[in-house]
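Please read the structure below before turning to the comments.
Protein chains: 2
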Amino acid sequence: MSLTKQIISGDRRALAQALTLIENDDHSSQHILTDVYRHTGCAHLIGITGIPGVGKSTLINSLAKLMRKSGDKLGLLAIDPSSQFSQGAILGDRIRMKDLLGDEGIFIRSMASRGVLGGLSSTTAAAVDLLDAAGFDRVIVETVGVGQSEVDIASNAQTSIVVLCPGLGDSIQAAKSGILEIADIIVINKSDYPEVNLTKSYLREMIDIGSAAQTSGSETQNIIDDINEKLDTDSSIWEVPIITTVATTGEGIGDLFEQLLAHYEHIKSTGEIIRRRHSRLRAIFESQLRKQLYTKLSQMLSEDYCLRQLEVIMERETDPYTAATNCIKHFETNYIGDED
Amino acid sequence: MSLTKQIISGDRRALAQALTLIENDDHSSQHILTDVYRHTGCAHLIGITGIPGVGKSTLINSLAKLMRKSGDKLGLLAIDPSSQFSQGAILGDRIRMKDLLGDEGIFIRSMASRGVLGGLSSTTAAAVDLLDAAGFDRVIVETVGVGQSEVDIASNAQTSIVVLCPGLGDSIQAAKSGILEIADIIVINKSDYPEVNLTKSYLREMIDIGSAAQTSGSETQNIIDDINEKLDTDSSIWEVPIITTVATTGEGIGDLFEQLLAHYEHIKSTGEIIRRRHSRLRAIFESQLRKQLYTKLSQMLSEDYCLRQLEVIMERETDPYTAATNCIKHFETNYIGDED
């Protein structure tokens, strides 16, 4: 039986093996992804992101237990930028998720990005498709950090949850990093800490300002409007809920799960889910275009050729921009010769 | 006088104008970058990054005042992922840096990344080159967050400073995000808070483990060794100092400045600076290759063609991976026809 068939039939070992191939950017991974693609599109894709130390792992542990009680099969990807320091920290996370071990209805995997091309965002998208094809009802992607890569990854989810702590500093930083813009649900965890009401009202204000800006005819909004028109969807507004939780005691996790289900219903009933699928697939398609094109170029240009270019750049006889243009001309001249 | 000549002669208005062109990925920006390139290579490139809320702006304010006292001209780039929410936060930062306003020897600029291709990392590299060519002795790049993009940006600096706060949670998260790996100097700010010694000894341990791992023949180390061999440099070790500061009172900022100078001397005397320049230029060169190649592809493939591909993908008649391969074949077939 092929690896793809094994994955679709629910073989966990085959799934783990395929994830490793994707993580290592193995040459066989495109073949697997092509094969599983038509089995995707059933799972609810959930992104959970937030600034460090807010208790994401504990929160996910509680949320996952609730999801399992309702009978959902659950795939969980923890996205981990490659780091030689991180082994201990990941072990710590897995300890915080110990309640989930040994449950056949749940699959947990930490993903590092070893392949440079396309990066974390592209590796994550591929891994999500595998879990989707393997029949998990909900796929949660957990990201560490609040940088641009996290925004990129989270914007590929159908429902994005941003987790914060009480304290204005962190909320301001989250706003600054652009992470609030992609939130469908905001969680203030550790809400037994002081300042929770202040944080909540600050966030409410930020989100309202954000929504106002979003509907004021920005370029992005115009594109969204265009797509909505084409897809004939109802663009009725989802008001981002702010949920307070104490993940360690389980307080508020029920609310979170409810809102998660409500958001999924909302995007399905308004057709918003089609727009999100469309934009997710477009991102995958474009990232594949870039990757495959660059691979072709790399095959054409030898390492020696690149090193020679760099030498000339280092000597300041040329600059990296002109050198790149010349490289591409060289590529053009020799392109067809290598094709059939 | 051309814009480039104005920039090199120290015209601040011309510099600001060129930075805007780069930020907007204007078609003229490659021309400017090509022109200024041979005037670069003099500035000390410093990256300052760290998890949110650690007081980076206040720290940079204090550090910049000290640098100005020693007579250095200073360019400062605050890298800001595009966000409609962030205006207020940036204003807050500028208030924390109010001591620096009105000083002709300092140039402050917030950069957002509007161009998608190459992203923040590529925009930042270009902006740094402009400030370098404009004659600033030190160029500081401040990044928000601890994600992969921040690691990418920071790894392009000659001296990377990572700022943390007392508290183990944050340090673990920083380790997890891979940001410690790129640190040349670590700062524990707000060191009047408790837990500072615990944090310090934890970080010391993490860094020592990291160095041990680095010298144990990893693939990256092999590449570094190769380059070192080729460049005939001395790879004598820099022991990452951990400096405690209270940015609000200025405590420890003198130590930080001293270590910054010591590190710059170290990389110059060991030849490490050549390796860093080489790897920075290689990153710029490769990112330009990708960008220019993708631009060519985009010019070839019409928006209609792409939308048709996406329709077929949405209908699951094909998958994004195969569609990309077909697109590139289509590109190949039509490529030469458009060239002279």
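Residue numbers (my numbering), protein chains in the order written: chain A, 1 to 340; chain B, 1001 to 1340.
Heads up, the beta-carbon is just placed ideally off N, CA and C, and yes, glycines get one too.
Please read these numbers as outputs of a predicted model, since none were measured by experiment.
Contact of CYS1042 of chain B with chain A is not assigned, every C-beta pair being separated by 9 Å or more. In this structure, the beta-carbon distance from ILE106 of chain A to LEU74 of chain A falls below 9 Å.
Annotated three-state conformation of GLU195 of chain A is coil, per DSSP. Here GLU1251 of chain B has THR1245 as same chain residues with Cβ atoms under 7 Å from its own Cβ, once five neighbours each way along the sequence are excluded. For VAL1141 of chain B, DSSP records a beta bridge to B:GLY1047 and B:LEU1077. Think of a sphere of 8 Å around the beta carbon of HIS1278 of chain B: the chain A residues whose beta carbon falls inside it are LEU310 and MET314, in chain order. Using a Cβ-Cβ cut-off of 8 Å, THR1270 of chain B is close to nothing in chain A; its nearest Cβ partner there is about 17 Å away. With respect to the 9 Å criterion, ILE1079 of chain B and SER1110 of chain B are classified as neighbours on the basis of their beta carbons.
Short of 6 Å from the beta carbon of CYS1042 of chain B, and not among the five residues preceding or following it, lies no beta carbon of its own chain. The beta carbon of SER1160 of chain B is closer than 6 Å to those of GLY1047, ALA1154, ILE1182, ALA1183 and ASP1184 in its chain, skipping five residues each way along the sequence. Within the same chain, Cβ atoms closer than 7 Å to the Cβ of ALA18 of chain A are found at LEU3, ILE7, ILE32 and LEU130, the five residues on either side in sequence being excluded. With a threshold of 9 Å between beta carbons, GLY1047 of chain B makes no contact with chain A.
For ALA1324 of chain B, a Cβ of chain A is located within less than 9 Å of the residue's own Cβ.
TRP238 of chain A and HIS263 of chain A have their alpha carbons spaced roughly 8 Å apart. Closest option to THR58 of chain A, judged by alpha-carbon separation, among A:GLU315, A:ALA133, A:TYR202 and A:THR249: A:THR249. The residue from B:VAL1139, B:LEU1164 and B:CYS1165 with its alpha-carbon nearest to that of ALA1157 of chain B is B:VAL1139.
Contact between VAL1162 of chain B and ILE1207 of chain B is absent: CB atoms are separated by about 10 Å, not below the 8 Å threshold. At a cut-off of 9 Å between beta carbons, PRO320 of chain A contacts chain B. Restricted to the region 1019–1044 of chain B, the alpha helix (DSSP H) segments that are unbroken, complete and at least 4 residues in length are 1029–1036, listed in chain order.
Put simply, the backbone Cα of VAL36 of chain A is about 59 Å away from that of SER1009 of chain B. Annotation: ILE243 of chain A to GLU205 of chain A spans about 15 Å, alpha carbon to alpha carbon. Boundaries for SER298 of chain A: no beta strand (DSSP E) harbours it, while the alpha helix (DSSP H) harbouring it runs 272–300, taken from the DSSP string.
At a beta-carbon threshold of 7 Å, the residues of chain A lying near ARG1290 of chain B are ARG290 and TYR294, ordered along the chain.
Taken atom to atom, the span from the alpha-carbon of ALA1126 of chain B to that of ALA1247 of chain B is near 30 Å. Between ILE313 of chain A and LEU1281 of chain B, the gap from beta carbon to beta carbon is short of 9 Å. Taking THR318 of chain A as the centre and dropping the five residues before and after it, the same chain places the C-beta of VAL312 closer than 6 Å to its C-beta, in chain order. With contacts defined by Cβ atoms closer than 9 Å, CYS1165 of chain B and ILE1188 of chain B form a contacting pair. Excluding its 5 nearest sequence neighbours in each direction, PRO1320 of chain B has C-beta neighbours in its own chain below 6 Å: ILE1313, listed in chain order.
Under the DSSP assignment, SER160 of chain A falls in the beta strand (DSSP E) whose first and last residues are 159–164. Here LYS1190 of chain B is buried, its C-beta having at least 16 other C-beta atoms within 10 Å. DSSP places ARG12 of chain A within a helical segment (H, G or I) once states are collapsed to three.
Residues of the region 21–37 of chain A whose Cβ lies closer than 8 Å to any Cβ of chain B, in chain order: GLN30, LEU33, THR34 and TYR37. Contact check for LEU1293 of chain B against LEU297 of chain A passes: the beta carbons are separated by less than 9 Å. Sequence-distant partners of GLY1102 of chain B (beyond 5 residues in either direction) whose C-beta falls short of 7 Å from its own C-beta are missing from its chain.
In summary, GLY1055 of chain B is buried, with 16 or more beta-carbon neighbours lying within 10 Å of its beta-carbon over all protein chains present. GLY1071 of chain B and ILE1253 of chain B have their C-alpha atoms some 16 Å from each other.
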